[in-house]
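Structure first, commentary second.
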Amino acid sequence: MLHFEVDMSVDYKAMGCAEPAKAPKLSAYILDERYLEDTNWKTRPAVVICPGGGYGFVSPREAEPIAMRYCGAGYHAFVLDYSIAPTGWPAACCELSKAVAYVRSIAEEHHIDKDKIAVCGFSAGGHLAASLGVYYDEEMILKYSGAEAGENRPNGMILGYPVITGEEEKTHMGTLQNFMAGREEVRPYFPLEEHVTPKTPKTFLWHTFSDGAVPVESSMRFAAALLKNRVEYELHIFPEGEHGLSLANKITASTPGGIIPAVQPWVDMSIRWLAQL
1 MLHFEVDMSV DYKAMGCAEP AKAPKLSAYI LDERYLEDTN WKTRPAVVIC PGGGYGFVSP
61 REAEPIAMRY CGAGYHAFVL DYSIAPTGWP AACCELSKAV AYVRSIAEEH HIDKDKIAVC
121 GFSAGGHLAA SLGVYYDEEM ILKYSGAEAG ENRPNGMILG YPVITGEEEK THMGTLQNFM
181 AGREEVRPYF PLEEHVTPKT PKTFLWHTFS DGAVPVESSM RFAAALLKNR VEYELHIFPE
241 GEHGLSLANK ITASTPGGII PAVQPWVDMS IRWLAQL
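full-length UniProt numbering puts the first residue of the sequence shown at 1, with every later residue one more than the last.
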């Protein structure tokens, strides 16, 4: 495996955002190309992962452990350590836009299938991944990320217990506040279900009904918006499980309550779904 990191900084001053405390980086986990020599495949798909953290931190529990699972299934994996509060919108989305475009730019060198690059996000990272899914062709995102139209579009999205809606009773207020970073004028960009179009990428969603931090309505509303716009999606609502489950096993659980065998199959479900892109 080839592992390296790339700076994903953008022009924060130009977009009216505070400079981040540390530079965002994209960590690459590239499978050895020798594995392809005796196969019928000359390229592999890729997943760009956005951990959660309420836009206040970037959770390691939803970073490398997720990357390793997808690598084990034959995917190149990338983890974005994006900018957090007080940087605010649209910094992280521009960084993700730059990251997806970057992965496409190295496709030939590293045997990546340009047409099978998905984004995968959890909680606030799910909001970030879905933000690129609905805003990838916005002039602002293209301009500040330096991406050409289409280069930054994910071919699919995997969203785990994502923050989506902006309704105060149904959202995670800390995520919303960190997203705005004191600028009320950017709030209309937050409720992503209101910005889905027929051009939004196909989506795999999963959530737990008992999530006490990010209500399941976020995933339900995004699915409803996808349906309204005739965008293909797969939705799984598991009955039990706290917020932030990640792999829902001993590798990522911070407490015994984070080990939920019934939820663990979501990874294999998403891998089967990705194979259809």
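Beta carbons are placed, not taken as given, at the ideal position from N, Cα and C, and that holds for glycine.
Sixteen is the threshold: since fewer than 16 other Cβ atoms of the shown chains lie within 10 Å of the Cβ of R34, the residue is exposed. As DSSP reads the structure, D7 sits in a beta bridge with K25. DSSP, read as helix, strand or coil, puts C50 in strand.
Three or more beta-carbon pairs separated by less than 8 Å link the segment 86 to 95 to the segment 174 to 189, which places the two stretches in contact. Counting only the Cα atoms, F204 lies some 17 Å from P215. Under the DSSP assignment, L235 falls in the beta strand (DSSP E) whose first and last residues are Y233 to F238. Taking C-beta atoms as the reference points, C94 and L31 fail to come closer than 8 Å. Contact check for G126 against L96 fails: the beta carbons are separated by 8 Å or more. Bounds of the alpha helix (DSSP H) holding H127 are A124 to Y135. Within the segment 32 to 107, the complete beta strand (DSSP E) segments at least 3 residues long are 44 to 50 and 76 to 81, listed from N- to C-terminus. For I141, the three-state secondary structure derived from DSSP is helix. Beta-bridge annotation (DSSP): L159 is paired with G121 and L205.
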